[in-house]
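Everything on this sheet refers to the single structure shown next.
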Amino acid sequence: MLFWRHPLLSHLLVLCQFCGLVLACWPVGLLNRGSPWMLLLCAGGTVLGLYTLWHNPVGNFSVYPEIKPQARLITSGPYRYIRHPMYSALMLMLLGIALYNGHWLNALGLGLVVVAVFNKARIEERLLPALFPDYAAYSARTKRFVPGLY
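Right, here's the structure in full:
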């Protein structure tokens with residue numbers, strides 16, 4: 006059995022993502038050293054996250070990288086430009102917080118979330134082609150996290 010298919014890996018990645026989220030959002034004395042403009046990253050991530058949820062049918066979303074049996078391949082809305090818009094939204098929001106607070110604890114949390122979502126995306130992208138024959142063409146024309154870049 007390959008490591009990426011180990012059942013505990015999904016739980017570890019979700020735990021890593023949750024711990025990273027807590028650290029990234031920790032107020033650390035409400036330092037607020039950065040420019041308020043950094044909060045625009047948070048707002049942008051929030052808007053992208055809400056837009057993604059709006060295009061994702063109820064029951065199609067999970068914090069675990071395994072694909073639900075009733076899942077559908079969504080290629081409209083933000084999915085037209087990137088394959089993992091919810092992960093992008095989360096990283097964008099946490100980047101804004103880390104830059105605004107300027108504390109190493111927030112940066113550590115962001116790092117944990119980045120490691121978790123990159124690995125979750127890799128697992129999902131290994132599983133999706135078996136369920137959706139169109140996934141190979143879709144992934145060839147869209148980027149993973151940042152439109153036009155990556």
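Going by the numbering used here, the sequence shown opens with residue 6, and the numbers climb by one from there.
Cβ atoms here follow ideal geometry from the backbone N, Cα and C, with glycine treated the same way.
Since we're looking at a predicted model, the values are computed, not measured.
task: Assuming L110 and L28 form a contact by the criterion Cβ under 8 angstroms, report the distance between their Cβ atoms to the nearest whole angstrom.
output: Along the sequence shown, read from residue 1 onward, the residue named residue 110 stands at position 105. Along the sequence shown, read from residue 1 onward, the residue named residue 28 stands at position 23. L110 to L28, Cβ: 6 angstroms. Contact.
- request: Tell me whether L26 counts as near the ligand HEM, meaning its Cβ is closer than 7 angstroms to at least one heavy atom of that ligand.
  value: Of ligands this structure carries none, so the ligand HEM is not represented either.
message: Counting C-beta neighbours from all protein chains within 10 Å, is the total for G153 16 or more, i.e. buried, or is it exposed?
response: Locating residue 153 in the sequence shown gives position 148, where the first residue counts as 1. With fewer than 16 other Cβ atoms within 10 Å, it is exposed.
task: Measuring alpha carbon to alpha carbon, tell me which of C47, P134, E71 ends up nearest A94.
output: In the sequence shown, residue 94 corresponds to position 89, counting from 1. Its Cα nearest to that of A94, the residue C47 stands out among C47, P134, E71.
Three-way DSSP call (helix, strand, coil) for K148 in this model: In the sequence shown, residue 148 corresponds to position 143, counting from 1. The answer is strand: DSSP assigns K148 an E or B state.
message: On the DSSP letters alone, give me the boundaries of the alpha helix (DSSP H) that N124 sits inside.
response: Locating residue 124 in the sequence shown gives position 119, counting from the first residue. N124 -> alpha helix (DSSP H) spans 109 to 136.
query: Between A145, Y86, A135, which lies nearest to I72 when the distance is taken from Cα to Cα?
result: Reading the sequence shown from its first residue, position 67 is the one you call residue 72. For the residues A145, Y86, A135, the minimum Cα distance to I72 belongs to A135.
message: For a quick check, are the C-beta atoms of L53 and L13 less than 8 angstroms apart?
response: Along the sequence shown, one-based indexing puts residue 53 at 48. Along the sequence shown, one-based indexing puts residue 13 at 8. When the beta-carbon positions are compared, L53 and L13 stay at least 8 angstroms from each other.
message: I'd like to know whether the C-beta atoms of A103 and A112 end up nearer to each other than 8 angstroms.
response: Here residue 103 refers to the residue found at position 98 of the sequence shown. Here residue 112 refers to the residue found at position 107 of the sequence shown. Between A103 and A112, the CB-CB gap stays under 8 angstroms.
task: Could you have a look at I72 and say whether DSSP puts it in helix, strand or coil?
output: In the sequence shown, counting from the first residue as 1, residue 72 sits at position 67. I72: coil per DSSP, three-state reduction.
- request: Count the other CB atoms, across all protein chains shown, that sit within 10 Å of the CB of H11; report buried if there are 16 or more and exposed otherwise.
  value: Sequence index remark: in the sequence shown, residue 11 carries index 6 (1-based). It is exposed - the Cβ of H11 has fewer than 16 other Cβ atoms within 10 Å.
message: Is the separation between the beta-carbon of L100 and that of G25 shorter than 8 angstroms?
response: Sequence index remark: in the sequence shown, residue 100 carries index 95 (1-based). Sequence index remark: in the sequence shown, residue 25 carries index 20 (1-based). In this structure, G25 does not lie closer than 8 angstroms to L100 by Cβ.
message: List, from N- to C-terminal side, the beta strand (DSSP E) runs of 3 residues or more that fit wholly inside the stretch 11 to 83.
response: If we require 3 residues or more, the stretch 11 to 83 turns out to have no beta strand (DSSP E) run fully inside it.
field: Minimum C-alpha distance to Y84 - residue among S15, A145, G39
entry: Here residue 84 refers to the residue found at position 79 of the sequence shown. Considering only alpha carbons, the answer is A145.
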